[in-house]
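Colleague:
Residue numbers (our numbering): 9 to 182.
1. Would you say residue 114 and residue 61 are within 8 Å of each other, going by their C-beta atoms?
2. According to DSSP, residue 21 sits in a beta bridge with which residue or residues?
3. Does residue 118 come out as helix, strand or coil in the three-state DSSP assignment?
4. Can you tell me where the alpha helix (DSSP H) with residue 86 in it begins and where it stops?
5. Are residue 74 and residue 82 closer than 8 Å when you measure CB to CB?
6. At which residues does the beta strand (DSSP E) containing residue 40 begin and terminate?
7. What residue range is occupied by the uninterrupted alpha helix (DSSP H) comprising residue 144?
8. Please classify residue 40 as buried or exposed, where buried requires at least 16 other C-beta atoms within 10 Å of its C-beta.
9. Nearest-angstrom Cα distance between residue 120 and residue 126?
10. Where do the N-terminal and C-terminal ends of the alpha helix (DSSP H) with residue 173 fall, by residue?
11. To which residues of the same chain is residue 155 closer than 7 Å at the C-beta, ignoring the five residues directly before and after it?
12. So, with DSSP's three-state summary, where would you put residue 154?
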């Protein structure tokens, strides 16, 4: 008989709407398909998680991998590898790189750089600036865009939104 589940994680601590407790988690096709007491004989593989917490993947919505422009600090490949090692399954990277991610071209460049190199799902924030306020509505809908990031304090290059009118212009167009 074929296994009902690809993998069953047993004896792990799970936190969900029912509280904290020891539960089994069955996975098939990359999805959780059962939670609670699961028939271990129906598993293709059983993983003992005694003493471990079983968590869903984490989405980190503010990472600074510094590519392009400062790869000597970290790049998309090494930063995403470190994220995955910490349980992160998706990242949203910030626009304060060199050049800044504030145009369709700079966003497309980052998507191209990440494709095939990053170890998790990813998207990139586009910086909302006084100079691109009229375009942010289009930019936030481009493939690979996580959204528009507005810097109200100090930032890199032209990312600082210096006044209320610039902020209103960005917000009107998103």
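Virtual Cβ for every residue (Gly too), placed ideally from N, Cα, C.
A quick note: this is a predicted structure, and the numbers were derived from the prediction, not measured.
Modeller: Checking against the coordinates, here is how it stands:
1. As a first step, residue 114 is located in the chain shown; it is residue number 106 there, counting from the start. As a first step, residue 61 is located in the chain shown; it is residue number 53 there, counting from the start. No; because the gap between Cβ atoms is not below 8 Å, this pair is not in contact.
2. To locate residue 21, count along the chain shown from 1; it is residue 13. According to DSSP, which records beta bridges pairwise, residue 21 is partnered with 30, 61.
3. Position 110 of the chain shown, counting from 1, holds the residue named residue 118. Correct three-state label for residue 118: helix.
4. Translated into positions along the chain shown, residue 86 becomes position 78. For residue 86, the enclosing alpha helix (DSSP H) starts and ends at 84-93.
5. By one-based count along the chain shown, residue 74 stands at place 66. By one-based count along the chain shown, residue 82 stands at place 74. Less than 8 Å separates the beta-carbon of residue 74 from that of residue 82.
6. Locating residue 40 in the chain shown gives position 32, counting from the first residue. 39-44 is the span of the beta strand (DSSP E), which, as asked, contains residue 40.
7. For the purposes of this step, residue 144 is taken as residue 136 along the chain shown, with counting starting at 1. That run of the alpha helix (DSSP H) goes 144-147.
8. Numbered from 1 along the chain shown, position 32 holds the residue referred to as residue 40. Exposed, by the Cβ-count rule.
9. Sequence index remark: in the chain shown, residue 120 carries index 112 (1-based). Sequence index remark: in the chain shown, residue 126 carries index 118 (1-based). Their backbone Cα atoms lie some 11 Å apart in a straight line.
10. In the chain shown, counting from the first residue as 1, residue 173 sits at position 165. Residues 172-180.
11. On the chain shown, residue 155 is found 147 positions in, with the first residue counted as 1. 133, 148.
12. Looking up residue 154 in the chain shown gives position 146. Here residue 154 sits in strand by DSSP.
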